[in-house]
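Data block below; observations after.
Chains as they are written, first to last, in our numbering: chain F, 256 to 369; chain G, 8 to 122.
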């Protein structure tokens, strides 16, 4: 069974631009969570989607948004990019709600904002 | 707010020896899950072990075991018979079952395994 895939793996943008990251969960998994990883702040929870609905949201500004499609694939969007948005963005999938089940992480998308 | 603290930024262990990574957390919740994740240099996070707070018995997965002390809010990871492949960043994580149940991670401990 294929693991969690994320595209693109690397991305370079400039301040003010917007970006969309994609995550394909493991087949059969219905929950997708997104995390931001930076050297300064560590790993921080962004949001979780389950059955196309956002179930939980971390403490991030409204510039960070996401959605989930009927096939469980998820996208994360960041608008009006800031330098501080440079980070590794990880997505993780689980069979049902993430708190009850093991999450499987993808390799991440490395976003650099210049 | 729930916070997770890993007081050891770096740890080193000799191959075949045992090492313990520390983690403490702060919460007012009674039902929650605790996790240890491993992130090798290739970056993909892998679940090492999971503990449900309502279980008194410490979780064990092969060479990995935890010492869960609920009253002390402590959740340490013991790696026995350390192998070179154990070298990675280790993250302790907490997630409440209810009430704003977002996952909280510690800052991580970088484990080096010496041959």
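Where a beta carbon is used, it is the ideal one built from N, C-alpha and C, also for glycine.
Practice task
Would you mind sorting residue 45(G) into buried or exposed? The rule is 16 or more other CB atoms within 10 Å of its CB.
Solution key: buried
Handout entry: Three-pair Cβ contact test at 8 Å for the stretch 70-84 of chain G versus the stretch 269-285 of chain F
Key = no
Handout entry: Spatial neighbours of residue 83(G) in its chain, beta-carbon cut-off 7 Å, leaving aside the 5 residues before and after
Key = 27, 28, 29, 30, 73 and 74
Problem - Nearest to residue 118(G) (by Cα), restricted to the options 90(G), 102(G) and 110(G) - result: 90(G)
Practice task
Take every Cβ of the stretch 336-343 of chain F, pair it with every Cβ of the stretch 260-275 of chain F, and state whether three or more of those distances are shorter than 8 Å.
Solution key: yes
Problem - Assigned exposure category for residue 102(G) - 16 Cβ within 10 Å defines buried - result: buried
Practice task
Tell me whether residue 303(F) is buried or exposed, calling it buried when 16 or more other Cβ atoms sit within 10 Å of its Cβ.
Solution key: buried
Problem - Proximity to residue 35(G) [Cα-Cα], best of 19(G), 11(G) and 15(G) - result: 11(G)
Practice task
Have a look at residue 16(G) and residue 293(F) and give me their C-alpha separation to the nearest angstrom.
Solution key: 15 Å
Problem - Contact the stretch 304-316 of chain F vs the stretch 257-264 of chain F: 3+ CB pairs below 8 Å - result: no
Handout entry: Sequence-distant residues of the same chain with beta carbon closer than 6 Å to residue 32(G), five excluded per side
Key = 11, 80 and 101
Problem - Residue from 92(G), 104(G), 64(G) and 112(G) with nearest C-alpha to residue 121(G) - result: 92(G)
Problem - Closest residue to residue 95(G) among 66(G), 69(G), 70(G) and 48(G) (Cα-Cα distance) - result: 48(G)
Exercise for the section: Within its chain, find whatever has a CB closer than 7 Å to the CB of residue 54(G); leave out the 5 residues flanking it on each side and keep chain order. Expected result: 42 and 44
Problem - 8 Å Cβ cutoff, residue 305(F) in contact with chain G - result: no
Exercise for the section: Would you decide whether residue 316(F) is buried or exposed? Buried here means 16 or more other CB atoms lie within 10 Å of its CB. Expected result: exposed
Exercise for the section: Could you spell out the range, first to last residue, of the beta strand (DSSP E) harbouring residue 19(G)? Expected result: 17-21
Practice task
Could you tell me which chain F residues have their CB closer than 7 Å to the CB of residue 3(G), listed as they occur along the chain?
Solution key: Past the boundaries of the shown model lies residue 3(G); chain G is included only from 8 to 122, so the question cannot be answered.
Practice task
Could you name the residues of the stretch 81-108 of chain G whose beta carbon sits closer than 7 Å to any beta carbon of chain F, in the order they occur along the chain?
Solution key: Cβ contacts with chain F come from 98, 102, 104 and 108.
Practice task
Consider the Cβ of residue 358(F): report whether some Cβ of chain G lies at a distance smaller than 8 Å.
Solution key: Against chain G, the CB of residue 358(F) has a partner CB under 8 Å away; the residue lies at that interface.
Practice task
Excluding the 5 residues preceding and the 5 following residue 22(G) in the sequence, name in chain order all residues of the same chain whose CB lies nearer than 8 Å to its CB.
Solution key: 89, 90, 91, 120, 121 and 122
Practice task
Give the range of the beta strand (DSSP E) segment to which residue 278(F) is assigned.
Solution key: 274-279
Practice task
If I'm right that residue 343(F) touches residue 111(G) with Cβ under 8 Å, what's the distance once you round it to whole angstroms?
Solution key: Their Cβ separation, rounded to whole angstroms, is 18 Å, which puts residue 343(F) and residue 111(G) out of contact at 8 Å.
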